[in-house]
Amino acid sequence: MAPILEVKHLSAGYAPEEPPVLREVSLSLEPGERVALLGPNGAGKSTLLLACVGLLPLSGGEVWLEGRRVDLKKRRELDRLRQDVGLVFQNPDDQLIAPTVEGEAAFGPRNLGLPPEEVKARADRALASCGLEGCRRRSPHQLSGGEKKRAALAGVLAMEPRVLLMDEPAAGLDPEGQGRLEEALDRLRQEGIAVLLSTHDVDFVWRWADRAAVLLEGRLAALDVPEKIFAQSGALPGWNFPTPMVYWIGKKLGLSPLPRSREELERRWK
Ligand SMILES: Nc1ncnc2c1ncn2[C@@H]1O[C@H](COP(=O)(O)OP(=O)(O)O)[C@@H](O)[C@H]1O
Ligand SMILES: [Mg+2]
3 MAPILEVKHL SAGYAPEEPP VLREVSLSLE PGERVALLGP NGAGKSTLLL ACVGLLPLSG
63 GEVWLEGRRV DLKKRRELDR LRQDVGLVFQ NPDDQLIAPT VEGEAAFGPR NLGLPPEEVK
123 ARADRALASC GLEGCRRRSP HQLSGGEKKR AALAGVLAME PRVLLMDEPA AGLDPEGQGR
183 LEEALDRLRQ EGIAVLLSTH DVDFVWRWAD RAAVLLEGRL AALDVPEKIF AQSGALPGWN
243 FPTPMVYWIG KKLGLSPLPR SREELERRWK
């Protein structure tokens, strides 16, 4: 089976006269796969996510969707890419445009020219999967940080993408907001949507990701299953990242396979 999304030797930047920020990054996502993007500030995580959906001019490389190269210069191919691959920005204020939460969820499907009943059905589903039914008629600007983030996610989900890119979705959320975000991500898994997200939370990466990628100075420094990534903690030249707590305890206790969550660790410990 072809990957749902693949980038090959992607190079991109913000100023054509300067060397590209993102350098020759290759990465693929299988349908339903969950990949975490790690890396220090300025490593190029946001740049990679923007480049994946053609929001930055490429200085090299290709984007492939379901085994076909996307010609980013052709409007129709770009539209199709952005329909199948949804990007949730780090700051929801960059994304939210409608006067109400339900308007936000309906915006994309309406723009696709779908019939009103389909627009409503999609918006309802997206709001439900983000736990936002209670704030349908509120203005996005009156929402809490966590609700805003989920409203931005609902707007993207209503497009029914097959791949979701999320830029630091958990940043700035309190524990309850993070829990709700993870619940929404779990529902996406059941729907078979592939997710690539950037994060600094290694504990989350350990319990959630199928694979993890590490970006350093615009290059892909590592891409592997989390077991392998965290086995080399501190050993990547140029970056020290912490070891996930549950991974560390599991190792100390000699558990095999290693537990992925605190709940699993508790069960196995007894
Ligand atoms: N809008 C921009 N214009 C010019 N340079 C930028 C812009 N956004 C990011 N950069 C530069 O690109 C590099 C990578 O940034 P970014 O992709 O935001 O990193 P990350 O998301 O990993 O923190 C940094 O050196 C940053 O200064
Ligand atoms: Mg960033």
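Numbering-wise, the working numbering comes out as the position in the sequence shown, counting from 1, plus 2.
Heads up, the beta-carbon is just placed ideally off N, CA and C, and yes, glycines get one too.
Small disclaimer: the values here were computed from a predicted structure and weren't measured.
Alpha helix (DSSP H) segment containing residue i, residue limits
| i | result |
| --- | --- |
| A154 | 147-159 |
| G179 | 177-192 |
| S48 | 47-54 |
| D81 | 77-86 |
| D205 | 204-210 |
Top-ranked residue by Cα proximity to residue i, from the options
| i | options | result |
| --- | --- | --- |
| K122 | F109, L134, S131, C132 | F109 |
| G115 | D95, D126, Q85, K10 | Q85 |
| E106 | A196, H143, E170, P163 | H143 |
| D126 | V90, R270, L159 | L159 |
Any non-hydrogen atom of ligand 1 within 7 Å of residue i CB
| i | result |
| --- | --- |
| A211 | no |
Straight-line gap, residue i to residue j (C-alpha atoms, nearest Å)
| i | j | result |
| --- | --- | --- |
| P94 | A173 | 11 Å |
| V231 | V216 | With the sequence shown as reference, residue 231 is identified as Ile, and Val is not the correct amino acid for it. So the alpha carbons of these two residues sit roughly 8 Å apart. |
| V55 | G256 | 43 Å |
| K75 | D81 | 11 Å |
| K150 | L12 | 31 Å |
| L60 | G15 | 7 Å |
| F243 | E219 | 15 Å |
| P117 | P177 | 39 Å |
| R139 | Q234 | 48 Å |
| L187 | R213 | 15 Å |
Residue i CB to nearest heavy atom of ligand 2 below 7 Å
| i | result |
| --- | --- |
| K47 | yes |
| S263 | no |
| E170 | yes |
| Q92 | yes |
Residue span of the beta strand (DSSP E) that contains residue i, given as start and end
| i | result |
| --- | --- |
| L24 | 24-31 |
| W66 | 60-67 |
Quiz item: Mind pulling the alpha helix (DSSP H) runs of 4 or more residues that sit fully within the stretch 83-141?
Solution: 103-113, 118-131
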